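Some notes on the structure that comes next.
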Amino acid sequence: MSKDREPLFSKKNRALLTDPLDDDNPITVQVLGICSALAITVKLEPAVVMTLSVIFVMAAGNVIVSILRNVIPTRIRIIVQLLVVATLVALVDQFLKAYAYDVSKQLAIFIGLIITNCIIMGRFEAFALGNGVWKSFLDGVGNAAGYGWILIVVAFIRELFGSGELWGVPVIPQFIYDLGYQDNGLMLLSPMALIVVGVYIWIQRYYNRKLIESD
Amino acid sequence: MNRESNKHTYIFAAIMVVSVASVLSFTSESLKDLQNSNIKKEKMQNILSSVGINVSRDESESLYGDYVKEELSLKSDGSVDDQVNAFNINLAIEVKKDKDVQRFPLYIANVEDQKFYVIPLRGAGLWAEIWGYIALKDDINTIKGVSFDHKSETAGLGAEITEDWFIDSFNEEKINDSEGNFVGVYLTKTNNDPGNSDKLDNEIDAISGATITGDGVSDMIIERIENYIPYFNSLTNE
């Protein structure tokens, strides 16, 4: 610990929040968390609910792991991390069931996916175990937001072209259907999520040249 | 402190497990009443919606008694078991028992002087359980309405069974064939009747991409209603 304290939002700390949105995005750059990105991006609403839950679980989990980082025995650290995630997810689930029953029904299917989300374990292991509480908090929020951003983009595209709806509300006017347009059912199937993520990565690297690996 | 020693590892693990367990059990215990009341209200809401009464979850508790007049728990031979409260029967546990010892809950609702028999359903979807309610009219043949729910069917595909456009296609369908034999209602991809205008064919247009969930719906309707036939027969024989 250095004596002269770093300001709360120093340039380095801000980068912890903003880097995962683009330069160090967990999905498109680190290619983590792909599994849940495929499963829950059929519609916008569950994608947003998932994003909010992951932001909470990841920020709180990173803080807890960071507080305990000097006492966690190295040999069982993965189990401890898993326990932290599972506890937080179970708590979120209990509270939602009591106070926001409808949201909890939306979320029910994703509980398991949050626990097994590789981004969460990845950040605990790679960041929270070696950094202070405030930095870990920012890193958790940043990475969860970077993950959520991709979920929302993919869900937006899939719901729009797959069901002609956004947030469950039909947005494609009837006259376009009358002209012969049809919703693309393929968009609702998992492979299209991979393709959409792939196209996103392509566009992202076109604009962000430093992501392109030199060989 | 040597955090790599066995002693530290065991103590740390023990403290961690005990504290996590107490936090979780404390939360679970203190929120239990709220959660159960949510589940109870939702059940009432679903029963009401199968007979065409759409209310919010909070209203359902007060309106339930106005419409649902009788709750029966039936034995497999069709007789009524007065010892068991039908509303409290947990179908998730009940369906795993032998048919002979199962109790089959039946709700009898009265809406605008019409009598409806509401039968709870439970079966298997693609990923996990699906359940719902089916309301039959007084002729014990015509469907008044249904409501479905599921634990974790695929959003946009199997999960569509909860949507109005799907549920509404059951209205007025028959569960008996033209000779009066019980055949249930099938979800099918080949009936050339996407609008479900033929209400006598015992068939509903299935959801594309949700074949297994759809088969689960067909199966649970047949499997569950079958158990109530002895009771319905005893009604018509009287």
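The listed protein sequences correspond, in order, to chains H and C. Numbering-wise (the numbering used here), the first sequence opens with residue 1 and increments by one. Numbering-wise (the numbering used here), the second sequence opens with residue 1001 and increments by one. Cβ atoms here follow ideal geometry from the backbone N, Cα and C, with glycine treated the same way. Since this is a predicted model, take the numbers as computed values, not measurements.
> Using a Cβ-Cβ distance under 8 Å, would Gln1102 of chain C count as near chain H?
Replying inline: It does not: the Cβ of Gln1102 of chain C has no partner Cβ on chain H nearer than 8 Å.
> Between which two residues does the beta strand (DSSP E) carrying Tyr1107 of chain C extend?
Replying inline: Boundaries of the beta strand (DSSP E) around Tyr1107 of chain C: Phe1104 to Val1111.
>> What would DSSP say about Asp1177 of chain C, mapped onto helix, strand or coil?
In response: Coil, per DSSP.
> Going along the chain, which residues of its own chain have a beta-carbon closer than 6 Å to the beta-carbon of Glu1071 of chain C, five neighbours each way excluded?
Replying inline: Within its own chain, the residues whose Cβ lies closer than 6 Å to the Cβ of Glu1071 of chain C, once the five positions on either side in sequence are excluded, are Ala1086, Phe1087 and Tyr1107, listed in chain order.
> Between H:Pro191, H:Asp178 and H:Tyr200, which lies nearest to Ala39 of chain H when the distance is taken from Cα to Cα?
Replying inline: Considering only alpha carbons, the answer is H:Pro191.
> Given a threshold of 16 other Cβ atoms within 10 Å of its Cβ, counted over all protein chains shown, does Ala126 of chain H qualify as buried or as exposed?
Replying inline: By the 16-neighbour rule on beta-carbons within 10 angstroms, Ala126 of chain H is exposed.
> Using a C-beta to C-beta distance shorter than 9 Å, which residues of chain H count as neighbours of Gln1114 of chain C?
Replying inline: Result: empty, since nearest Cβ-Cβ is about 30 Å, beyond 9 Å.
> Using DSSP with H/G/I as helix, E/B as strand and the rest coil, what is Lys1032 of chain C?
Replying inline: Lys1032 of chain C: helix per DSSP, three-state reduction.
> How would you write the range of the alpha helix (DSSP H) that Val1095 of chain C sits in, first residue to last?
Replying inline: First-last for Val1095 of chain C: undefined, no H or E at that position.
> Taking the runs of the alpha helix (DSSP H) that are 4 residues or longer, which of them lie wholly in the region 131 to 212 of chain H?
Replying inline: Runs found: 133 to 163, 174 to 178 and 190 to 207.
> Taking the alpha helix (DSSP H) that Lys97 of chain H falls in, what are its first and last residues?
Replying inline: For Lys97 of chain H, the uninterrupted alpha helix (DSSP H) run begins and ends at Arg77 to Tyr99, by DSSP.
> Gln1045 of chain C versus chain H: which residues are under 8 Å apart at the beta carbon?
Replying inline: The CB of Gln1045 of chain C never comes closer than 8 Å to any CB in chain H; the least such distance is about 11 Å.
> Is there contact between the region 135 to 147 of chain H and the region 42 to 61 of chain H, where contact requires at least three CB pairs shorter than 8 Å?
Replying inline: Segments in contact, yes.
> Which ranges does the alpha helix (DSSP H) cover as unbroken runs of at least 4 residues, wholly within the region 1013 to 1068 of chain C, from first to last along the chain?
Replying inline: Counting only runs of 4 or more, we get 1057 to 1067.
> Rounded to whole angstroms, how far is the Cβ of Val89 of chain H from the Cβ of Ala1155 of chain C, which I believe are closer than 8 Å?
Replying inline: Between Val89 of chain H and Ala1155 of chain C the beta-carbon gap is near 19 Å, outside 8 Å, which marks them as no contact.
>> By the three-class DSSP mapping on this structure, what secondary structure does Asp1139 of chain C have?
In response: Asp1139 of chain C falls in the coil class under three-state DSSP.
>> Cβ closer than 7 Å: which chain H residues qualify as neighbours of Leu1157 of chain C?
In response: Simply Leu188.
> Nearest chain H C-beta to Lys1040 of chain C closer than 8 Å, yes or no?
Replying inline: It does not: the Cβ of Lys1040 of chain C has no partner Cβ on chain H nearer than 8 Å.
>> Could you compute how far the alpha carbon of Ser2 of chain H sits from the alpha carbon of Tyr207 of chain H?
In response: For Ser2 of chain H, the predicted model reports a pLDDT of 48, less than 50, meaning its position is unreliable; a value from the coordinates is still stated below. Roughly 38 Å separates the two Cα atoms.
>> Which residues in chain H have a C-beta closer than 8 Å to the C-beta of Val1023 of chain C? List them in chain order.
In response: From the beta-carbon of Val1023 of chain C, the residues of chain H found nearer than 8 Å are Thr87 and Leu91.
> Is Arg14 of chain H helix, strand or coil by DSSP?
Replying inline: DSSP places Arg14 of chain H in helix when its eight states are reduced to three.
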